[in-house]
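Numbering (the working numbering), first residue to last: 18 to 290.
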């Protein structure tokens, strides 16, 4: 097994302990060379100030989390969501982010029309694609585990995400998060199909048992995902980017001292990933 690509910190991993400013300083202190901020923490710090701090620190912004959430109950809501995604694209451009991660959204409240929500996702991405191309911000569709189909993302397999990429064309790729795709019997086939369209690679682990489907992600090596095997498949398609650790852990890692969390991420990146 080859050595993994460099480590990036998705800031949600320590969101309960640190501000974005703290995360930037923490990455510099621990020698982590990539960072992926979330927009709420970015707004707290200020886009221009954060961008300068990141540049001054020499960090690579591996992604901005997140755009998406396109479906809405009416046309006005859909247009508002498109406008919000354009703001996210502007922020990603200001940070020099390698991509804007799209968590595409589920069905509007009260709806049972899954196919309709999926059409709204397609149309929403199409509506912002040219804007993103002009800003030089690749859009990375992140398929989420099917348990999130109703409320967070109605694109649930890498194959479905790639169908959208095929339809939408230039400027649209995928983010492969092992937590969301490890279970898919078509995963190997779809990674091969993705090829150079893999824009981001997110790592964590699936715990057994899990106590919360959203907020009980595991540290790499503590669960059942064959992370090195998936990484090898992604790299076989030419991916040479960062391994971005993204852990939502309300009962464990969010309660640990953030410096300890980063030290563990670094150790597991070296020995498990």
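No residue lacks a Cβ here, since even glycine has one placed at the ideal position from N, Cα and C.
Rounded to the nearest angstrom, what separates residue i and residue j at their Cα positions?
i           : j           : result
residue 258 : residue 268 : 30 Å
residue 102 : residue 263 : 22 Å
residue 166 : residue 22  : 31 Å
residue 100 : residue 142 : 11 Å
residue 239 : residue 187 : 37 Å
residue 159 : residue 29  : 16 Å
residue 112 : residue 68  : 5 Å
residue 271 : residue 126 : 30 Å
residue 248 : residue 290 : 8 Å
residue 227 : residue 266 : 11 Å
residue 224 : residue 197 : 13 Å
residue 49  : residue 81  : 17 Å
residue 235 : residue 203 : 23 Å
residue 153 : residue 83  : 16 Å
residue 66  : residue 20  : 34 Å
residue 218 : residue 205 : 15 Å
residue 199 : residue 284 : 22 Å
residue 155 : residue 72  : 20 Å
residue 2   : residue 277 : The structure shown has nothing for residue 2, since the chain only spans 18 to 290.
residue 146 : residue 215 : 17 Å
residue 245 : residue 62  : 35 Å
residue 120 : residue 110 : 18 Å
With DSSP as the reference, label residue i as helix, strand or coil.
i           : result
residue 165 : helix
residue 179 : helix
residue 60  : helix
residue 193 : strand
residue 199 : coil
residue 261 : strand
residue 227 : coil
residue 84  : strand
residue 67  : helix
residue 288 : helix
residue 185 : helix
residue 77  : strand
residue 242 : coil
residue 157 : strand
residue 2   : The structure shown has nothing for residue 2, since the chain only spans 18 to 290.
residue 91  : coil
residue 20  : coil
residue 141 : helix
residue 148 : helix
residue 276 : helix
Quick one: does residue i have its CB under 8 Å from some CB of chain B?
i           : result
residue 130 : Within the model displayed, chain B is absent; a lone protein chain is all it includes.
Could you please give me the residues that DSSP links to residue i through a beta bridge?
i           : result
residue 27  : 53
residue 281 : In DSSP, residue 281 forms no bridge with anything.
residue 233 : 266
residue 37  : Residue 37 pairs with nothing; no bridge assigned.
residue 122 : 170
residue 222 : 235
residue 204 : DSSP lists no partner for residue 204.
residue 217 : 192
residue 117 : 81 and 156
Among the residues of its own chain, which have a CB less than 6 Å from the CB of residue i, if the five just before and after it don't count?
i           : result
residue 213 : 255
residue 201 : 174
residue 39  : none
residue 309 : Absent from the model: residue 309. The displayed extent of the chain is 18 to 290, so no value can be given.
residue 210 : 179
In its own chain, which residues sit with a C-beta less than 8 Å from the C-beta of residue i, not counting the 5 before and 5 after it?
i           : result
residue 123 : 88, 134, 165, 166, 167, 168, 169, 170 and 171
residue 139 : 181, 184 and 185
residue 98  : 86, 87, 88, 89, 122 and 141
residue 150 : 187 and 188
residue 26  : 40, 43, 44, 49, 51, 52, 53, 261, 262, 279 and 282
For residue i, which residues in the same chain have their Cβ closer than 7 Å to its Cβ, ignoring the five residues on either side in sequence?
i           : result
residue 144 : 99
* **Inter-stretch contact at 8 Å, needing at least 3 Cβ pairs: the segment 87-95 / the segment 55-66** => no
* To do: Give a yes or no on contact between the segment 38-45 and the segment 64-78, applying the rule of three or more CB pairs nearer than 8 Å.
  => Enough Cβ pairs lie closer than 8 Å, so yes.
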